[in-house]
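Undergrad:
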Amino acid sequence: MSFDTLSTLTQLLSLDAIPGFEGPVADVMASQLSQHAMAVRRDVLGNVIARYGSQKPDALRVMVFAHMDEVGFMVRKIEANGFIRFERVGGPAQITMPGATVNLQGSKGSIPGCIGIKSYHFSKGDERAQSPSVDRLWIDIGAANRQDALDMGIQVGTPITLNNPPRRLGNDLICSKALDNRLGCTALLGLADRITGKELDIALFIVAAVQEEFNIRGILPAINSVRPDLTIGIDITPSCDTPDLADYADLVINQGPGITCLNYHGRGTLAGLITSPAVISWLETTAAKHQIPVQREVAPGVITESGYIQLQQEGILCAGLSIPCRYTHSPSEVASLRDLQHCIDLLAHLVLANAETFPLTAKALRSPL
Ligand SMILES: [Zn+2]
1 MSFDTLSTLT QLLSLDAIPG FEGPVADVMA SQLSQHAMAV RRDVLGNVIA
51 RYGSQKPDAL RVMVFAHMDE VGFMVRKIEA NGFIRFERVG GPAQITMPGA
101 TVNLQGSKGS IPGCIGIKSY HFSKGDERAQ SPSVDRLWID IGAANRQDAL
151 DMGIQVGTPI TLNNPPRRLG NDLICSKALD NRLGCTALLG LADRITGKEL
201 DIALFIVAAV QEEFNIRGIL PAINSVRPDL TIGIDITPSC DTPDLADYAD
251 LVINQGPGIT CLNYHGRGTL AGLITSPAVI SWLETTAAKH QIPVQREVAP
301 GVITESGYIQ LQQEGILCAG LSIPCRYTHS PSEVASLRDL QHCIDLLAHL
351 VLANAETFPL TAKALRSPL
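Taking this note's numbering, the leading residue of the sequence shown gets 1, the next gets one more, and so forth.
(1) With a threshold of 8 Å, are at least 3 pairs of Cβ atoms found where one atom belongs to the segment 62 to 70 and the other to the segment 117 to 137?
(2) What separation, rounded to the nearest whole angstrom, lies between the Cα atoms of Thr357 and Ala287?
(3) Identify the residues that DSSP records as bridge partners of Asn171: which are they?
(4) Measuring straight from C-alpha to C-alpha, what distance separates Thr10 and Leu162?
(5) Let me have the residue list for ligand 1: C-beta closer than 6 Å to any non-hydrogen atom, ordered along the chain.
(6) Would you kindly check if the distance between the Cβ of Ile154 and the Cβ of Ile78 is under 8 Å?
(7) Near Tyr308, what residues of its chain come up, given a Cβ to Cβ distance below 6 Å and the 5 sequence neighbours on each side ignored?
(8) Just the Cα atoms here: how many angstroms apart are Arg267 and Val75?
(9) Tell me the rounded alpha-carbon separation between Asp318 and Gly113.
(10) Can you give the Cα-Cα distance for Val294 and Gly91, rounded to whole angstroms?
(11) Considering only residues of the segment 65 to 146, which uninterrupted beta strand (DSSP E) runs meet the minimum length of 3 residues and lie entirely inside it, listed in chain order?
(12) Tell me the rounded alpha-carbon separation between Glu314 and Lys118.
(13) Under three-state DSSP, which class holds His265?
(14) Does the beta-carbon distance from Gly23 to Gln211 come in below 8 Å?
(15) Within 10 angstroms of the Cβ of Phe73, are there 16 or more other Cβ atoms? Answer buried if so, exposed if not.
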């Protein structure tokens with residue numbers, strides 16, 4: 001059966017995977033990728049690494065990756081009355097938490113819950129407009145007391161995910177939790193399907209990575225395994241077509257994937273990516289040749305694995321393709337299936353081309369002095 005982008009995305013969105021608990025997504029990725037890969041392995045952190053293409057020892061090594069984890073929470077304390085205190089894992093949008101529904105991945109299976117909010121009728125003045133900090137919030141799973149919660153399979157350390165199953169909106173848009181980054185995972189599987197039965201001039205490594213939302217560096221062991229000359233990361237980026245961001249940047253939904261020119265996270269991490277002009281030109285030239293719409297992206301506040309990957313080994317050329325997404329890190333992320341499809345198309349054309357079409361410096365960097 002041919003690859004169905006929507007059903008693959010829907011399947012991946014049905015899974016729960018906070019950083020460090022990517023198993024359910026990794027199982028799907030490993031089983032799908034292993035259908036046509038020469039080899040698939042998982043490293044100790046849980047990265048799924050699949051190899052395709054040329055086996056020549058001097059072949060250009062290209063790695064295409066996306067992270068499997070999603071923002072969420074973890075149980076910090078179970079109160080005597082059965083309410084659950086929790087910690088954020090990654091950066092779920094705090095303002096969206098009160099009243100949100102969640103799922104707890106307990107030892108006896110998935111437990112539904114909701115994040116409490118003071119009853120509106122008894123709220124006074126400012127309480128009606130304010131969003132309490134995470135320390136003052138709790139999750140209600142209907143437990144009568146602490147022991148009841150323990151009996152339901154919930155304990156300190158239990159992972160928690162946002163609950164918002166996918167819904168189709170107009171103009172090929174989709175609304176769901178965890179579009180960041182199941183869109184990217186879907187793109188990897190779409191790429192794997194597109195190269196099936198084709199001969200590649202390059203050695204291609206498709207990597208589904210862990211813990212991007214936690215420390216952004218979960219992929220680094222896979223870099224050591226693969227030793228790529230060039231990487232292409234697939235992730236989401238904020239779409240700037242909503243009323244609050246319309247003046248901020250040009251990148252918008254339904255105009256094709258973004259090509260990262262710059263991203264940067266200045267709050268503590270001081271990391272980011274300034275993409276090589278040669279890489280940008282390669283991406284834009286390939287997109288133009290195949291009439292695939294793309295847009296340029298400058299996104300301060302955004303950080304991806306590439307900020308760290310580029311500094312590994314003797315330096316690695318990094319490309320970033322971003323799928324525009326509204327309401328990022330909220331339960332209701334919104335993105336376009338058309339942008340996802342364009343991203344898959346572009347990836348396929350990039351990796352199916354001859355090695356000479358890749359930015360030359362990728363290979364040059366590996367030559368001995
Ligand atoms: Zn992401």
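Yeah, the Cβ is synthetic: ideal placement off N, Cα and C, and Gly gets one too.
TA: Quick look at the numbers:
(1) Not touching, per the Cβ criterion.
(2) For this step, residue 357 is matched to residue 357 along the sequence shown. For this step, residue 287 is matched to residue 287 along the sequence shown. Between Thr357 and Ala287, the C-alpha separation is close to 13 Å.
(3) Working through the sequence shown from its first residue, we reach residue 171 at position 171. Asn171 pairs with nothing; no bridge assigned.
(4) Start at 1 with the first residue of the sequence shown, and residue 10 comes out as number 10. Start at 1 with the first residue of the sequence shown, and residue 162 comes out as number 162. Thr10 and Leu162 have their C-alpha atoms some 15 Å from each other.
(5) Cβ atoms closer than 6 Å to ligand 1 belong to His67, Asp180, Asn181, Glu212, Asp235, Ile236.
(6) The sequence position of residue 78 within the sequence shown is 78, counting from 1. The sequence position of residue 154 within the sequence shown is 154, counting from 1. Against a cut-off of 8 Å, the Cβ pair of Ile154 and Ile78 comes out as a contact.
(7) To locate residue 308, count along the sequence shown from 1; it is residue 308. Closer than 6 Å at Cβ, skipping near neighbours: Arg217.
(8) What you label residue 267 is simply residue 267 of the sequence shown in a count that begins at 1. What you label residue 75 is simply residue 75 of the sequence shown in a count that begins at 1. For Arg267 and Val75, the gap between their C-alpha atoms comes out near 26 Å.
(9) Taking the first residue of the sequence shown as position 1, residue 318 is located at position 318. Taking the first residue of the sequence shown as position 1, residue 113 is located at position 113. Checking the sequence, you will find Cys at residue 318 rather than Asp. Approximately 40 Å between the Cα atoms of the pair.
(10) On the sequence shown, residue 294 is found 294 positions in, with the first residue counted as 1. On the sequence shown, residue 91 is found 91 positions in, with the first residue counted as 1. If I take the Cα positions, the gap works out to 27 Å.
(11) Counting whole runs of 3 or more residues, the segment 65 to 146 contains the beta strand (DSSP E) stretches 72 to 78, 84 to 89, 101 to 106, 109 to 115.
(12) In the sequence shown, counting from the first residue as 1, residue 314 sits at position 314. In the sequence shown, counting from the first residue as 1, residue 118 sits at position 118. One alpha carbon belongs to Glu314, the other to Lys118, and they sit about 54 Å apart.
(13) For the purposes of this step, residue 265 is identified with residue 265 of the sequence shown, where counting begins at 1. In the structure shown, the three-state DSSP call for His265 is strand.
(14) Counting from 1 along the sequence shown, the entry for residue 23 is found at position 23. Counting from 1 along the sequence shown, the entry for residue 211 is found at position 211. No. Outside cutoff.
(15) As a working mapping, residue 73 is identified with position 73 in the sequence shown. It is buried - the Cβ of Phe73 has at least 16 other Cβ atoms within 10 Å.
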